[in-house]
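> Mind having a look at this structure? Questions to follow.
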Amino acid sequence: MIKRNRLLGASIALLLTTFNTAAQESRFEELQRSIGMFSGILEEVLKLDQRPGLFGLSLAGIENNYLLGQGVVFEIRTPLANRRNRINLASLNSAMQSLQSRPNPFEAVGTEPFTTDTDLPSPSILALDEANGYYREMMERIVNVDYSLSINTAIMQASDSLLSLRSLDSIEENDYEEIRNEIGALGVSVQSNLDQLQEIEQEIRIANTNVKAVDKNSPEQGLGNALALRLDAVSATIELLREQALEKARELKERSEAAEREYVQRWERDKIDFESNLYAAMCNYGSILRELPENENISIILIGLGEESEESTHRVNKVHIISKTSVLQCQSGEIDRLTLQQSSAQYSY
Numbered sequence: 008m009i010k011r012n013r014l015l016g017a018s019i020a021l022l023l024t025t026f027n028t029a030a031q032e033s034r035f036e037e038l039q040r041s042i043g044m045f046s047g048i049l050e051e052v053l054k055l056d057q058r059p060g061l062f063g064l065s066l067a068g069i070e071n072n073y074l075l076g077q078g079v080v081f082e083i084r085t086p087l088a089n090r091r092n093r094i095n096l097a098s099l100n101s102a103m104q105s106l107q108s109r110p111n112p113f114e115a116v117g118t119e120p121f122t123t124d125t126d127l128p129s130p131s132i133l134a135l136d137e138a139n140g141y142y143r144e145m146m147e148r149i150v151n152v153d154y155s156l157s158i159n160t161a162i163m164q165a166s167d168s169l170l171s172l173r174s175l176d177s178i179e180e181n182d183y184e185e186i187r188n189e190i191g192a193l194g195v196s197v198q199s200n201l202d203q204l205q206e207i208e209q210e211i212r213i214a215n216t217n218v219k220a221v222d223k224n225s226p227e228q229g230l231g232n233a234l235a236l237r238l239d240a241v242s243a244t245i246e247l248l249r250e251q252a253l254e255k256a257r258e259l260k261e262r263s264e265a266a267e268r269e270y271v272q273r274w275e276r277d278k279i280d281f282e283s284n285l286y287a288a289m290c291n292y293g294s295i296l297r298e299l300p301e302n303e304n305i306s307i308i309l310i311g312l313g314e315e316s317e318e319s320t321h322r323v324n325k326v327h328i329i330s331k332t333s334v335l336q337c338q339s340g341e342i343d344r345l346t347l348q349q350s351s352a353q354y355s356y
């Protein structure tokens with residue numbers, strides 16, 4: 008009799024365990040369904056674009072996971088994170104331009120005036136006949152000024168600023184192509200005149216080899232005069248191109264910096280609006296998560312939207328932790344959306 012009672016008790020316990028397990032599985036399945044439904048509503052309310060981006064990767068969407076005893080976690084990807092990458096790219100271009108603008112420590116070696124008493128002659132000048140001061144003077148004008156460095160740096164900075172404007176969607180494609188062609192034509196013109204300058208340099212070397220001395224006041228200085236006139240013309244053209252390149256670099260840098268400031272301000276506003284809409288959705292549709300225990304939380308991870316610092320070396324995410332109790336209070340009207348947002352725990356990592 009005792010043995011029979013024990014068997015009966017064990018059977019009842021097994022049935023209860025099986026029933027409880029089945030009930031828990033059923034509740035868990037209901038919870039998973041409600042979580043999936045809530046994810047879909049969030050995607051629609053927050054207008055998360057599901058179209059694939061580069062290489063078929065989606066730029067937006069929601070992934071969810073349930074942690075027993077803690078609550079549900081929603082990981083949200085938004086186009087805002089991709090837009091922040093554009094800001095970082097523009098900032099990188101600005102930093103590179105700042106480095107390019109710094110004085111070249113080696114430039115002073117080439118631009119200091121040459122004096123026979125205190126300075127050693129450069130190899131180019133040493134190759135000239137010391138007796139031919141006229142050609143030597145023209146040669147000094149060429150070798151002591153690095154036209155290409157300042158002009159090429161300005162052209163590079165202008166191109167970088169133009170790319171920043173394009174990455175920030177702050178320039179029409181037609182305008183972009185027009186300015187890009189303008190910068191390209193400027194570079195071609197600069198190179199053409201620098202090539203002419205090199206030709207003049209070679210002719211000066213040859214002339215100096217063939218003519219031992221030239222008196223600048225002599226009527227027989229025809230070749231020297233012609234070279235001097237060509238050198239004056241090319242130098243004047245290069246100087247004009249240099250001014251144009253510097254002006255274009257300054258203009259585009261100012262436009263790029265203004266566009267970056269405006270883009271950052273617009274991005275910050277859009278981020279604030281996105282978070283406001285997120286909490287409004289919590290108030291309006293949070294009851295869908297009715298199977299979620301009231302002592303658990305709803306955690307939101309916004310990918311790439313965390314507060315960055317100067318020390319940040321990787322993408323920073325932002326976490327919002329909202330208690331289900333607060334969500335129910337917001338839905339019932341006890342608190343409003345702003346209070347719900349202010350009462351949540353928030354941090355970046």
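Letter by letter, the sequence shown follows residues 8 to 356 of our numbering.
Idealized CB from N, CA, C, for every residue including glycine.
Taking the alpha-carbon positions, what's the Gln198 to Ser171 distance?
Within the sequence shown, the letter at position 191 stands for residue 198. Within the sequence shown, the letter at position 164 stands for residue 171. Those two C-alpha atoms are separated by around 25 Å.
> Let me check understanding here. Comparing Cα to Cα, which of Arg257, Phe281, Ser168 and Ser294 lies closest to Leu38?
By 1-based counting over the sequence shown, the position of residue 38 is 31. Among Arg257, Phe281, Ser168 and Ser294, the Cα nearest to that of Leu38 is on Ser294.
> Which residue or residues does DSSP assign as beta-bridge partners of Glu70?
Against the sequence shown, residue 70 aligns to sequence position 63. Residue pairing by DSSP puts Glu70 in a beta bridge opposite Glu82.
> For a test of the three-state rule: what should DSSP assign to Ser283, helix, strand or coil?
Sequence index remark: in the sequence shown, residue 283 carries index 276 (1-based). Correct three-state label for Ser283: helix.
> What residue range is occupied by the uninterrupted alpha helix (DSSP H) comprising Lys325?
Against the sequence shown, residue 325 aligns to sequence position 318. Premise fails: Lys325 lies in the beta strand (DSSP E), Lys325 to Ser330, not in any alpha helix (DSSP H).
> Quick check: what's the CA-CA separation for Tyr154 versus Glu250?
By 1-based counting over the sequence shown, the position of residue 154 is 147. By 1-based counting over the sequence shown, the position of residue 250 is 243. Roughly 11 Å separates the two Cα atoms.
> How many whole angstroms separate the CB atoms of Ile211 and Tyr270, which I take to be in contact at a CB cut-off of 8 Å?
Start at 1 with the first residue of the sequence shown, and residue 211 comes out as number 204. Start at 1 with the first residue of the sequence shown, and residue 270 comes out as number 263. About 51 Å separates the two Cβ atoms, so there is no contact after all.
> Determine the extent of the alpha helix (DSSP H) in which Asn159 is found, giving its start and end residues.
Reading the sequence shown from its first residue, position 152 is the one you call residue 159. Per DSSP, Asn159 belongs to the alpha helix (DSSP H) from Tyr154 to Ser174.
> Taking contact to mean 3 or more Cβ pairs, one atom from each stretch, closer than 8 Å, check whether the region 166-180 and the region 232-243 are in contact.
Verdict: no, contact absent.
> What residues match up with Asn304 in a beta bridge as DSSP calls it?
Within the sequence shown, residue 304 is the residue found at index 297, counting from 1. Beta-bridge pairing links Asn304 to Gly78 and Ser330.
> When burial is assigned at 16 or more other CB atoms within 10 Å of the CB, is Ala352 buried or exposed?
Within the sequence shown, residue 352 is the residue found at index 345, counting from 1. Looking at its Cβ environment, which holds fewer than 16 other Cβ atoms inside 10 Å, Ala352 is exposed.
> In whole angstroms, what separates the C-alpha of Gly191 from that of Glu50?
For the purposes of this step, residue 191 is identified with residue 184 of the sequence shown, where counting begins at 1. For the purposes of this step, residue 50 is identified with residue 43 of the sequence shown, where counting begins at 1. In a straight line, the C-alpha of Gly191 is about 45 Å away from that of Glu50.
> Quick one: what's got a C-beta closer than 6 Å to Met289's C-beta in the same chain, skipping five residues either side?
As a working mapping, residue 289 is identified with position 282 in the sequence shown. So the qualifying residues of the chain are Val334.
> Taking Ser350 as part of the alpha helix (DSSP H), name the residues at either end of that continuous run.
Taking the first residue of the sequence shown as 1, we reach residue 350 at position 343. Judged by DSSP secondary structure, Ser350 falls within the alpha helix (DSSP H) whose first and last residues are Arg344 to Ser350.
> Under a Cβ-count criterion, where at least 16 other Cβ atoms within 10 Å of its own Cβ denotes burial, should Cys337 be classed as buried or exposed?
Within the sequence shown, the letter at position 330 stands for residue 337. By the neighbour-count rule (16 or more Cβ atoms within 10 Å), Cys337 is buried.
> Under a three-way DSSP split, which group does Leu204 fall into?
Residue 204 sits at position 197 when you count from the first residue of the sequence shown. The answer is helix: DSSP assigns Leu204 an H, G or I state.
> How would you call Glu317, buried or exposed, if buried means at least 16 neighbouring beta carbons within 10 angstroms?
Taking the first residue of the sequence shown as 1, we reach residue 317 at position 310. Answer is exposed; the Cβ neighbour count stays below 16.
> Taking contact to mean 3 or more Cβ pairs, one atom from each stretch, closer than 8 Å, check whether the region 81-91 and the region 154-166 are in contact.
In the pairwise beta carbon analysis, the region 81-91 is classified as not touching the region 154-166: fewer than three pairs are separated by under 8 Å.
> Between Glu264 and Ile307, what straight-line distance do the alpha-carbon atoms span, to the nearest angstrom?
Position 257 of the sequence shown, counted from the first residue, corresponds to residue 264. Position 300 of the sequence shown, counted from the first residue, corresponds to residue 307. C-alpha separation (whole angstroms): 33 Å.
> Closest to Asn291 by CA distance: which of Gly311, Glu267, Gly313 and Lys331 is it?
Indexing the sequence shown from 1 puts residue 291 at position 284. Taking the Cα of Asn291 as reference, the smallest distance to any Cα among Gly311, Glu267, Gly313 and Lys331 is reached at Lys331.
> Considering only residues of the same chain and omitting the five flanking positions on each side of Ala287, which have a CB-CB separation below 7 Å?
Residue numbering aside, residue 287 sits at position 280 when the sequence shown is read from its first letter. Correct list, in chain order: Arg344.
> Mind checking Met44: buried by the 16 CB within 10 Å criterion, or exposed?
The residue labelled residue 44 in the question sits at position 37 within the sequence shown. Answer is exposed; the Cβ neighbour count stays below 16.
> Could you check if Gly78 is buried or exposed, using at least 16 other CB atoms within 10 Å of its CB as the buried criterion?
Translated into the one-based positions of the sequence shown, residue 78 becomes position 71. The residue in question, Gly78, is buried, as its Cβ has 16 or more Cβ neighbours within 10 Å.
> By the 10 Å Cβ neighbour count, where 16 or more other Cβ atoms means buried, how is Ala243 classified, buried or exposed?
The count along the sequence shown starts at 1 and reaches residue 243 at position 236. Result: exposed.
> Going by alpha carbons, who is nearest to Ser46 out of Leu285, Leu193, Glu315 and Trp274?
Taking the sequence shown and counting its residues from 1, one reaches residue 46 at position 39. Nearest option by C-alpha distance: Leu285.
> Determine whether the beta carbon atoms of Ile42 and Leu296 lie at a separation below 8 Å.
The residue labelled residue 42 in the question sits at position 35 within the sequence shown. The residue labelled residue 296 in the question sits at position 289 within the sequence shown. It is a contact, given that the beta carbons lie within the stated cut-off.
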